[in-house]
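Asker:
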């Protein structure tokens with residue numbers, strides 16, 4: 003799809019989301035709700051989010067260990083640069099920015115690093131599915147669109163994992179490489195790039211840290227759960243532990259909808275209507291939670307990432323999608 007079409011689609015989706023999020027709101031009532039937010043937990047949630055980024059960087063360190071032993075701080079810096087990129091760039095180019103920044107002057111290639119990032123995202127998808135499984139007895143399946151979204155999310159997750167399994171099991175990439183039409187030129191370069199990405203995605207087979215990687219994944223998502231619970235409490239909303247888990251699933255699904263950088267509009271509308279429809283939360287209070295939680299998930303990582311981006315040697319103009327084939 004042409005990049006300008008992607009931008010157009012993302013813009014339309016975000017604008018529609020913002021419209022749905024704020025349409026018909028009593029802004030005086032909304033402002034009153036925002037004033038009633040307990041901002042102490044807000045800052046606690048921001049700190050917890052940054053702690054989760056440190057743990058995420060450590061998990062990445064464990065994943066990369068079979069390729070190269072990289073100190074924790076550069077990995078944390080690259081992780082934050084990636085979040086900064088996702089917050090300000092379209093097409094989630096922050097992931098590529100992250101891969102590019104960690105590959106500078108290192109043995110790991112951009113495509114390999116990008117593959118490990120894809121692996122990380124797959125692990126995150128699995129954690130969302132796990133949370134969904136835990137709350138299945140209480141999940142509001144009677145809501146058609148919510149049911150469809152979660153089923154689609156789960157199907158994509160398991161479909162992606164199954165595709166990777168088949169590709170590795172039957173050595174599809176090697177078979178393509180052996181074909182005469184892929185022996186030279188751009189096609190050969192593309193296949194080699196895909197091969198290195200798959201090397202990154204499947205690197206977990208070579209690690210000696212499977213247990214530690216699993217534990218860190220649980221810790222990261224336990225922190226996300228805690229942040230959700232804390233922000234709900236700060237906004238004077240009591241959903242209990244089960245409701246918090248359901249809201250975490252809903253937020254994780256809507257944040258994956260294509261939109262402008264930072265999930266502008268889509269997150270706010272999705273979370274607001276999730277709270278209203280599933281938990282019968284008043285409109286102004288639901289939107290207040292959506293705004294506050296969006297701020298927690300956006301500003302800390304983008305601001306810290308901007309500092310690392312400015313201090314680092316990465317330039318956006320040097321990073322292109324074609325880099326993953328290099």
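Numbering (our numbering), first residue to last: 3 to 328. For every residue, glycine included, the Cβ atom is placed at its ideal position computed from N, Cα and C. Owing to the predicted nature of the structure, the values given are computational and were not obtained by experimental measurement.
Given this structure, state the Cα-to-Cα distance separating residue 271 from residue 258, to the nearest angstrom.
Answerer: 13 Å
Asker: If I follow the unbroken alpha helix (DSSP H) through residue 235, where does it start and stop?
Answerer: Note, residue 235: alpha helix (DSSP H), 212–236.
Asker: How is the alpha helix (DSSP H) around residue 242 delimited, first residue to last?
Answerer: 242–256
Asker: At the level of alpha carbons, what is the spacing between residue 236 and residue 142?
Answerer: If you take the alpha carbons of residue 236 and residue 142, they lie about 24 Å apart.
Asker: Should residue 75 go down as buried or exposed, given a rule of 16 or more other Cβ atoms within 10 Å for buried?
Answerer: exposed
Asker: With DSSP collapsed to three states, give me the class of residue 75.
Answerer: helix
Asker: Could you work out which residue in 315, 308, 285 and 209 is closest to residue 27 when comparing CA atoms only?
Answerer: Ranking the options by Cα distance to residue 27, first place goes to 285.
Asker: Does the separation of the CB atoms of residue 169 and residue 163 fall below 8 Å?
Answerer: no
Asker: Could you give the distance in angstroms between the alpha-carbon of residue 265 and the alpha-carbon of residue 302?
Answerer: 15 Å
Asker: Among the residues of its own chain, which have a CB less than 7 Å from the CB of residue 56, if the five just before and after it don't count?
Answerer: Cβ neighbours of residue 56 beyond the five flanking positions: 78.
Asker: Does the ligand ADP have even one heavy atom less than 7 Å from the beta-carbon of residue 230?
Answerer: For the structure depicted, the ligand ADP is absent and the ligand set is empty, with no information on it obtainable.
Asker: Within 8 Å, do at least three Cβ pairs link the region 99–109 to the region 127–142?
Answerer: no
Asker: To the nearest angstrom, report how far apart residue 157 and residue 314 are at their CA atoms.
Answerer: 39 Å
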